[in-house]
Amino acid sequence: MLETGSLIDDRYKIIKVLGEGGMAVVYLAKDVISNKDVAVKIIKEETMKNPVNLTRFEREARAAASLNHQNIVRVINLGAHDNRPYMVNEYIRGKTLRDTLNVRGKFSFLEACDIMYQLCSAVLFAHQHGVIHRDIKPQNVFITVDGTVKLGDFGIATFQNSAHVTRSEVVVGSVHYLAPEISQGNPATPQSDIYSLGITFFELITGRVPFDDESALAVALKHIKEKFPSVRIYNPKTPIVIEKIITKACAKSPLDRYHSVADMRKDIEKVLHDPSCLEEKKGFFARLFHRK
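For what it's worth, the working numbering labels the leading residue of the sequence shown as -2, then goes sequentially.
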């Protein structure tokens, strides 16, 4: 661990630890040149001994640094401290989508559509620049205090048509959000990210994931074999228009999903432009007997 007050490259003054994962530690730091708060992510000394971990960290840095978009966590600088690679990201004043879900349980339909529109914008931009995220989930999505959604953690991202992803690296990601073809050992595609977007959308309006079990293998098998549950089972008030978007995004076959994230975003945009479609439409007899 770096000590509070220590300086990285005579520029980033460590304030405190923000979080720690299996591979890296994230610190809140002060950029003494710009006088702004930043998040410094530095690989752990013990984990960088494994070439796979080092490759993953460098891949995240390369992928994220190549993407400059308002809905993607911005990489400010890259470097090495005591031979340990680090990246400097913008400091997000807000919470992760996971933290917010843990407190709120779920979002309103309109809020969920707004979040998903922004998230789709981030993923679309990444795809347009040849980057597949491969690990879209609420833990990797941030919401700032002004409501801006930002996608982070490109640690297992890969570049489209890249040859450097080995067979052993294919099945990586959070199993609850992982497309069935990935669990079956196939390489990631834009449609794999679309599936993860659909699962995230499902969770935003139900407060739970569609498939769960005691083991990762059991969850993966459910994604592969079991029929995708209707979102209305867990939230009966879900508008049909939203159910259709989620169902299409989460089709078992990649060929049956949206052709692109742009198409998925377009359907979400229609909802945002006409929120009245979220209202429950009463049948003729219901209206007849409920007149004022």
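For every residue, glycine included, the Cβ atom is placed at its ideal position computed from N, Cα and C.
Treat the numbers as computed from the prediction; the structure is a model and nothing was measured.
Taking the Cβ atom as the reference point for each residue, do residue i and residue j lie within a distance shorter than 7 Å?
{"i": "ALA109", "j": "ILE202", "result": "yes"}
{"i": "ILE133", "j": "LEU194", "result": "yes"}
{"i": "LYS13", "j": "VAL23", "result": "no"}
{"i": "MET84", "j": "LEU98", "result": "no"}
{"i": "LYS10", "j": "ALA26", "result": "yes"}
{"i": "GLU240", "j": "VAL258", "result": "no"}
{"i": "PRO48", "j": "ARG95", "result": "no"}
{"i": "ALA217", "j": "VAL268", "result": "no"}
{"i": "ASN68", "j": "ALA123", "result": "no"}
{"i": "LEU116", "j": "VAL146", "result": "yes"}
{"i": "PHE199", "j": "ILE230", "result": "no"}
{"i": "PRO272", "j": "LEU121", "result": "no"}
Taking only three categories from DSSP, how would you classify residue i?
{"i": "PHE122", "result": "helix"}
{"i": "GLY195", "result": "helix"}
{"i": "ASN137", "result": "helix"}
{"i": "ALA61", "result": "helix"}
{"i": "LEU25", "result": "strand"}
{"i": "ALA249", "result": "What sits at residue 249 in the sequence shown is Lys, not Ala. Coil, per DSSP."}
{"i": "VAL258", "result": "helix"}
{"i": "LEU4", "result": "strand"}
{"i": "TYR174", "result": "helix"}
{"i": "ILE39", "result": "strand"}
{"i": "TYR231", "result": "coil"}
{"i": "LEU(-1)", "result": "coil"}
{"i": "GLU17", "result": "strand"}
{"i": "ILE326", "result": "Residue 326 lies beyond the stretch modelled for the chain, which goes from -2 to 289, so this question has no answer here."}
Within its chain, find whatever has a CB closer than 8 Å to the CB of residue i; leave out the 5 residues flanking it on each side and keep chain order.
{"i": "PRO82", "result": "ILE39, ILE40, MET45, LEU51, PHE54, GLU55, ALA58, LEU75, GLY76"}
{"i": "LEU4", "result": "LYS10, ILE11, VAL29"}
{"i": "LYS309", "result": "Because the chain here runs from -2 to 289, residue 309 falls outside it and cannot be looked at."}
{"i": "ASP6", "result": "GLY76, HIS78"}
Residues in its own chain within less than 7 Å of residue i by CB, not counting five upstream and five downstream?
{"i": "TYR255", "result": "ILE191, LYS245, ALA246, MET261"}
{"i": "ARG101", "result": "none"}
Skipping 5 residues on each side, what residues in its chain have a beta carbon closer than 6 Å to that of residue i?
{"i": "MET20", "result": "THR44, ASN50"}
{"i": "GLN71", "result": "Position check: residue 71 holds Arg in this sequence, whereas Gln was assumed. The residues are GLU87."}
{"i": "PHE208", "result": "VAL216, LYS219, HIS220"}
{"i": "GLN188", "result": "PRO251, ARG254"}
{"i": "ILE112", "result": "VAL146"}
{"i": "ASN232", "result": "ILE202, THR203"}
At which residue ranges does the stretch 45 to 112 contain complete beta strand (DSSP E) runs of 3 or more residues, listed in the order of the chain?
-> Taking only runs of at least 3 residues, the beta strand (DSSP E) segments lying wholly in the stretch 45 to 112 are 72 to 78, 81 to 87, 91 to 93.
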